[in-house]
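**Q** One structure follows; several queries about it will come next.
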Ligand SMILES: [Zn+2]
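In structure tokens, the structure reads:
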């Protein structure tokens, strides 16, 4: 169902970028263009170091909005 997101560190410029775990196409670093993730048909294959796994939480779809 809902996929996870991963914080991946670019091996070239150390930019940290959030990448969808089931990326359907290659994901490039926004800073230097190095490919950070390759699609595999399932979970993507990451090039850089995965710093953090960000689990998507489905808690009823309600987000607490403190900004307004
Ligand atoms: Zn980079």
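Numbering (the working numbering), first residue to last: 44 to 111. Ideal Cβ placement from N, Cα and C applies to all residues, glycine included.
Taking only the alpha-carbon atoms, compute the straight-line gap between residue 44 and residue 91 and give it to the nearest angstrom.
**A** Caution is warranted here: a pLDDT of 46 is assigned to residue 44, below 50, making its placement in the model unreliable, and the coordinate value is therefore given only provisionally. Whole-angstrom Cα-Cα distance: 25 angstroms.
**Q** Tell me which residues share the same chain as residue 99 and place their Cβ nearer than 8 angstroms to its Cβ, disregarding the 5 neighbours each side in the sequence.
**A** Cβ within range, chain order: 45, 46, 47, 48.
**Q** When you measure from the CB of residue 83 to every non-hydrogen atom of ligand 1, does any distance come out below 8 angstroms?
**A** No, the beta carbon of residue 83 sits no closer than 8 angstroms to any heavy atom of ligand 1.
**Q** Leaving out the 5 sequence neighbours to the left and right, which residues in its chain are closer than 7 angstroms to residue 56 when beta-carbon positions are compared?
**A** So the list reads 72, 74, 75, once near-sequence residues are dropped.
**Q** With a CB to CB cut of under 7 angstroms and the five nearest residues on each side skipped, what residues in its chain are close to residue 52?
**A** So the qualifying residues of the chain are 59, 91, 92, 94.
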